[in-house]
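Be aware that the sequence shown starts at 45, since it is given in my numbering, and climbs by one per residue. Working notes, beginning with the structure itself.
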Amino acid sequence: MQPVVFSGIQPSGQITLGNYLGALKQFVSVQGDATGYYCVVDMHAITVAQEPKQLRERIFDLASLYLAVGLDPNQSTLFVQSDVKEHAELGWIMQCVAYMGELSRMTQFKEKTEGKDGVSAGLFTYPALMAADILLYQTNLVPVGDDQRQHLELTRDLALRFNTRFGETFTVPEVLLMKEGARIMSLDDPMKKMSKSNPNPASRIEMLDTPDEIRKKISRAVTDSGREVRYDPEQKAAVANLLVIYSAVSGQTIEEVIKQYEGRGYGDFKKGLAEAVVSHLEPIQQRFHEIRSSGHVIDVLHDGATRAREAAQKTIDKVKRNVGLGANRA
Ligand code: ATP
Ligand code: LTN
Numbered sequence: 045m046q047p048v049v050f051s052g053i054q055p056s057g058q059i060t061l062g063n064y065l066g067a068l069k070q071f072v073s074v075q076g077d078a079t080g081y082y083c084v085v086d087m088h089a090i091t092v093a094q095e096p097k098q099l100r101e102r103i104f105d106l107a108s109l110y111l112a113v114g115l116d117p118n119q120s121t122l123f124v125q126s127d128v129k130e131h132a133e134l135g136w137i138m139q140c141v142a143y144m145g146e147l148s149r150m151t152q153f154k155e156k157t158e159g160k161d162g163v164s165a166g167l168f169t170y171p172a173l174m175a176a177d178i179l180l181y182q183t184n185l186v187p188v189g190d191d192q193r194q195h196l197e198l199t200r201d202l203a204l205r206f207n208t209r210f211g212e213t214f215t216v217p218e219v220l221l222m223k224e225g226a227r228i229m230s231l232d233d234p235m236k237k238m239s240k241s242n243p244n245p246a247s248r249i250e251m252l253d254t255p256d257e258i259r260k261k262i263s264r265a266v267t268d269s270g271r272e273v274r275y276d277p278e279q280k281a282a283v284a285n286l287l288v289i290y291s292a293v294s295g296q297t298i299e300e301v302i303k304q305y306e307g308r309g310y311g312d313f314k315k316g317l318a319e320a321v322v323s324h325l326e327p328i329q330q331r332f333h334e335i336r337s338s339g340h341v342i343d344v345l346h347d348g349a350t351r352a353r354e355a356a357q358k359t360i361d362k363v364k365r366n367v368g369l370g371a372n373r374a
């Protein structure tokens, strides 16, 4: 049997090269060998304020990008989280399995709330909903970026706790991380991860940036002292990050890239990198615009939700039976 793979991305901003290299690219690379479920997690997005019209547009943007990078709706199930209400249902049950203590230890929650007023309760219980997303499909593997590792650990803990308390119900999933690309850093600060919600747009490359925007951002990216292109994540974190990006978009190994720039400075290296990114993204962008304007994505998402619902219902029936919920005696 093929492994079940599940992952989700929030429609909370413009998708970045970090999201692509850490997550999306893995979705495509496992596609032939897995039963894949790829979700637009809109209910996660509303844990922080979203403008309704913009949210709806971003849902279609993200789904179109799923298709543009190569997810094939005949092989993978693409859908929107809120279209399958079993996510909310199991999300609540997982909130009742998760402890306040473990949720308070989540670093993403700490980072996203630091110095903020009006933090929603949903942002706090967010990892319980994420666990529900994954466990509903009896998932074996979850391709994500490095920042989601802690949430995955919690998901495993919750699955094990549930199985112990209520009997074997869930498959305990494993995280799938890219060897390189699991943590792409900001262009303006190699100590921070590239993020779609960073207030500085120059800190990230967005999947739909124009070639000129990409060239400009890369030419302004911070580098380290010296002028030698060398892979040293400790001493030369900024250049190491650019090398990881170069290797991922060009298909060359890091060693090959270094060799190519031997004896040449950062200027040449950045120019080469910009062209490699531009030419990697160009066909994706072209497909994106075609798909986005065709309206085809609505049918894909409806069909995906129907298929996802079928799988999710099986799990939720089992969960309710094992927990003792509802009026069914089955
Ligand atoms: P935000 O920064 O607004 O929280 P995000 O950019 O982290 O959002 P998510 O929707 O939370 O985006 O993440 C989608 C996927 O992309 C997740 O699997 C996440 O681990 C991965 N990801 C996000 N940023 C990076 C990055 N800089 N490098 C590698 N993977 C990343
Ligand atoms: N929490 C993730 C998004 C997310 C997810 C999921 C990822 C929600 N549900 C299920 C993998 C599997 C994030 O913030 N990147």
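Cβ atoms here follow ideal geometry from the backbone N, Cα and C, with glycine treated the same way.
Where does residue i sit, in a helix, a strand or coil, going by DSSP?
{"i": "S51", "result": "strand"}
{"i": "G135", "result": "helix"}
{"i": "V341", "result": "helix"}
{"i": "M229", "result": "strand"}
{"i": "P187", "result": "strand"}
{"i": "F206", "result": "helix"}
{"i": "E326", "result": "helix"}
{"i": "T267", "result": "coil"}
Just to confirm my understanding: we take residue i, look at its own chain, exclude 5 residues before and 5 after, and list those with CB closer than 8 Å. What are they?
{"i": "L68", "result": "I53, I59, L109, Y110 and V113"}
{"i": "D24", "result": "This structure leaves residue 24 out entirely; the chain is present only between 45 and 374."}
{"i": "E326", "result": "P255"}
Kindly list the residues whose CB is nearer than 7 Å to the CB of residue i, restricted to its own chain and excluding five residues on each side of it in sequence; keep chain order.
{"i": "L106", "result": "I53, P55, I59 and V84"}
{"i": "L216", "result": "Sequence check: residue 216 is Val here, not Leu. The residues are R200, A203 and L204."}
{"i": "R271", "result": "G309 and Y310"}
Would residue i be called buried (16 or more neighbouring beta carbons within 10 Å of its own) or exposed?
{"i": "G370", "result": "exposed"}
{"i": "S230", "result": "buried"}
{"i": "D253", "result": "buried"}
{"i": "N285", "result": "buried"}
{"i": "Y143", "result": "exposed"}
{"i": "S247", "result": "buried"}
{"i": "M235", "result": "exposed"}
{"i": "T297", "result": "exposed"}
{"i": "E130", "result": "buried"}
From residue i to residue j, what distance separates their C-alpha atoms?
{"i": "P117", "j": "T79", "result": "11 Å"}
{"i": "K315", "j": "N366", "result": "59 Å"}
{"i": "R331", "j": "G339", "result": "13 Å"}
{"i": "L134", "j": "F313", "result": "49 Å"}
{"i": "I90", "j": "K280", "result": "37 Å"}
{"i": "K240", "j": "D190", "result": "15 Å"}
{"i": "A172", "j": "L345", "result": "24 Å"}
{"i": "A132", "j": "K362", "result": "16 Å"}
{"i": "E300", "j": "E278", "result": "20 Å"}
Report whether the distance from the Cβ of residue i to the nearest heavy atom of the ligand PLP is below 7 Å.
{"i": "A67", "result": "Of the ligands one can find in the structure shown, namely the ligand ATP and the ligand LTN, none is the ligand PLP."}
Restricting to Cα atoms, I'd like to know which of the options is closest to residue i.
{"i": "Q388", "options": "L65, I103, S120 and T91", "result": "The question about residue 388 has no answer here: the residues shown for the chain are numbered 45 through 374."}
{"i": "K358", "options": "E272, T213 and K303", "result": "T213"}
{"i": "R351", "options": "D127, Q46, K97 and I90", "result": "D127"}
{"i": "Y275", "options": "I289, V49, D191 and E218", "result": "I289"}
{"i": "T375", "options": "F104, G311, V141 and D361", "result": "Examination of residue 375 is not possible in this model, given that the chain is present from 45 through 374 alone."}
{"i": "G307", "options": "V273, A176, G295 and K156", "result": "V273"}
{"i": "I249", "options": "D190, L185, S51 and G57", "result": "G57"}
{"i": "G145", "options": "T169, G189, S337 and R100", "result": "T169"}
{"i": "V124", "options": "R100, L115 and Q139", "result": "R100"}
{"i": "I342", "options": "T91, Y82, I103 and K97", "result": "I103"}
{"i": "S263", "options": "S164, V321, T151 and Q70", "result": "V321"}
{"i": "H333", "options": "M251, I298, E130 and F50", "result": "M251"}
{"i": "D232", "options": "V283, L147 and I335", "result": "V283"}
{"i": "L115", "options": "F50, K261 and I360", "result": "F50"}
Which residues in the same chain have their Cβ closer than 6 Å to the Cβ of residue i, if we skip the five residues on either side of it in sequence?
{"i": "A292", "result": "L65 and G225"}
{"i": "G62", "result": "I228 and M238"}
{"i": "R259", "result": "A318"}
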